[in-house]
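Taken in sequence, the protein lines are chains A and B.
1 is the number of the first residue of the first sequence in the numbering used here; add one for each residue after it.
1001 is the number of the first residue of the second sequence in the numbering used here; add one for each residue after it.
We put the CB at the ideal spot given by N, CA and C, even for glycine.
Presented below is the structure to which this report refers.
2 protein chains.
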Amino acid sequence: MPPTKPQLSRETLLPLLAAHVLEHGLGGASLRPLAKAAGTSDRMLIYHFGNKETLIRELLEYIANVYATALDMALGDERARTRQQCLARILDQARQPSMQRFMVLWWEIVAGAARGIPGYGAAAEAMIAKQLVWLEQQMPEDDPDPAGGARFLLTLMEGTLMLGAVGHARTALDGLHASGLAEDEAED
Amino acid sequence: MPPTKPQLSRETLLPLLAAHVLEHGLGGASLRPLAKAAGTSDRMLIYHFGNKETLIRELLEYIANVYATALDMALGDERARTRQQCLARILDQARQPSMQRFMVLWWEIVAGAARGIPGYGAAAEAMIAKQLVWLEQQMPEDDPDPAGGARFLLTLMEGTLMLGAVGHARTALDGLHASGLAEDEAED
DNA sequence: TCCTTCATGTAGCAAGTGCTACGGACGCTG
DNA sequence: CAGCGTCCGTAGCACTTGCTACATGAAGGA
């Protein structure tokens, strides 16, 4: 018989758990549905992680790493020429269909971080930090202040994404246009 | 006997429910704790609201209205002189201690809106809309583009608040300073 | 007075929650 | 072969979940 039981462990469990959480969210994530998604029982999840809290913590850590490698793979081989282009790129990247589930999960992570739930703050902080270095690597070569500019664009981008999440994408876009930091939708 | 039973209704219930939600969050809000906070039983909450979903929906609507009136009351009688000052004012306003519980709740509302949970999107959209007109009223009188500028500052502010919620307040502040839109902490 | 309607308390139900007790199958070591 | 530790399935526990069935008291119209 082929390996129908490929030796359960945290490493084999986490990808399946992450897939389930990306689909159904963190808030209502309870042990039995999680276990079912991973092909086991709640009994085994507790066995391998100790309790639910550390399971969630390790899961968030894993998801943050997945996100980091996804960002690395999406790193273009050439820098942007202007800040406008840089902002457009990172917004495009965040709005790709493959990122949608991630975005929906992201706001749950932010909410958990704001409330102080154990694993959430660290994961959110790591993901933002990764996003920042990604943005710094994308900044134009002749930018007078790449570090400050990247932080500025990051703030602007997060605000835009948040407004988009609550049905105010148009509002954010109008603001970007008014500021001269977004020209037209078609470029690059 | 004085009115220990002051005639239960949605109107008398909602403030007490809102207080509980502001304290303990929306995610884990279940009927029995909510009822206890309001001095009744889950039985009565279902009786007056029909089911939990419409209870949450009406509660979010109520909270959005409370937020709107709080913004109205925080409206200064004179406009800002510069965009920097305008941004500083609204950031100060959002960072006041009395707003902290609200902020924590806000990210839960955003997460719910992103996930498409019934009442959340409408409440979030209304609150952002209110914030926008508030900001427009605060914009400098001589601003060349008050509408666009307000949308730009709103986007920037939301990004700043989000980064603050996940432990990157410093990052956002550095970005604002680099952009020239924030000078020093002490002003006005 | 009788009847109906509204507002509320008590008790409960089926499902789901995190977690545990117990035991069995396996491989390893003595 | 005996013993032991690792991994995992079955069953269950005490608790919470949203919601309901039933009864009761008060109010008001006929």
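I think residue i touches residue j, with their Cβ atoms under 8 Å apart; what is that distance to the nearest whole Å?
i	j	result
Ile-90(A)	Met-44(A)	That pair is no contact at about 40 Å.
Trp-1107(B)	Ala-114(A)	5 Å
Leu-132(A)	Thr-1171(B)	6 Å
Val-1166(B)	Glu-125(A)	6 Å
Tyr-62(A)	Ala-18(A)	6 Å
Leu-13(A)	His-48(A)	6 Å
Alpha carbon to alpha carbon, what distance is there between residue j and residue i?
i	j	result
Arg-1010(B)	Leu-55(A)	40 Å
Thr-1160(B)	Asp-72(A)	25 Å
Thr-155(A)	Leu-87(A)	11 Å
Leu-1022(B)	Ser-1098(B)	11 Å
Ala-94(A)	Gln-100(A)	8 Å
Ala-70(A)	Gln-138(A)	15 Å
Glu-1183(B)	Arg-151(A)	15 Å
Asn-1065(B)	Ala-122(A)	33 Å
Met-127(A)	Tyr-67(A)	7 Å
Gly-1039(B)	Gly-39(A)	44 Å
Pro-1003(B)	Leu-173(A)	Low confidence applies here, because Pro-1003(B) scores a pLDDT of 40, under 50, leaving its location unreliable; read the following figure in that light. Rounded to the nearest angstrom, the two C-alpha atoms are 53 Å apart.
Ser-41(A)	Leu-34(A)	8 Å
Met-1(A)	Leu-1031(B)	Only weak support is given to the placement of Met-1(A): the predicted model assigns it a pLDDT of 36, under 50, and the value that follows is read from those uncertain coordinates. Looking at the two C-alpha atoms, the distance is approximately 50 Å.
Using the beta-carbon of each residue, which ones in chain A are nearer than 7 Å to residue i?
i	result
Asp-1174(B)	Gly-148 and Arg-151
Arg-1263(B)	Outside the displayed span of chain B (1001 to 1188) sits residue 1263(B), for which this structure offers no information.
Going along chain A, which residues have a C-beta under 8 Å from residue i?
i	result
Met-1157(B)	Gly-159
Glu-1136(B)	The premise fails here: Glu-1136(B) is roughly 11 Å from chain A at the closest Cβ pair, so nothing lies under 8 Å.
Val-1110(B)	Trp-107, Val-110, Ala-111, Met-162, Ala-165 and Val-166
List, in chain order, every chain B residue whose beta-carbon is nearer than 7 Å to that of residue i.
i	result
Asp-145(A)	Ala-1178
Glu-61(A)	Under the 7 Å cutoff, chain B gives no residues; its nearest Cβ is about 15 Å from Glu-61(A).
Could you tell me which chain B residues have their CB closer than 8 Å to the CB of residue i, listed as they occur along the chain?
i	result
Thr-171(A)	Ile-1128, Leu-1132, Arg-1151, Leu-1154 and Thr-1155
Leu-163(A)	Ile-1128, Leu-1154, Thr-1155 and Glu-1158
Gly-121(A)	Val-1166 and Gly-1167
So which residues on chain A does residue i lean against when the C-beta distance must stay under 9 Å?
i	result
Glu-1125(B)	Val-166, Gly-167 and His-168
Gly-1099(B)	A small correction: the amino acid at residue 1099(B) is Met; Gly does not occupy that position in the sequence shown. Within chain A, no residue comes near Met-1099(B); the closest Cβ sits about 12 Å away, beyond 9 Å.
(message) Any contact between the segment 1138 to 1145 of chain B and the segment 1077 to 1095 of chain B? By contact I mean 3 or more CB pairs, one from each, below 8 Å.
(response) Flag = yes, the segment 1138 to 1145 of chain B and the segment 1077 to 1095 of chain B touch.
(request) For the segment 111 to 131 of chain A and the segment 161 to 178 of chain A, state whether three or more C-beta atom pairs, one from each stretch, are separated by less than 8 Å. (result) no
(request) Note down, in chain order, all residues in the segment 1018 to 1029 of chain B with a beta-carbon under 7 Å from any beta-carbon belonging to chain A. (result) For the segment 1018 to 1029 of chain B, the set of residues with a beta-carbon nearer than 7 Å to any beta-carbon of chain A comprises Gly-1025 and Gly-1027, in chain order.
(message) Closer than 8 Å between beta carbons: that is the criterion. Which residues of the segment 24 to 58 of chain A meet it against chain B?
(response) Gly-25 and Gly-27
(message) Residues of the segment 68 to 96 of chain A in Cβ contact with chain B at a cutoff of 7 Å, in chain order, please.
(response) If the cut-off is 7 Å between Cβ atoms, the segment 68 to 96 of chain A has nothing near chain B.
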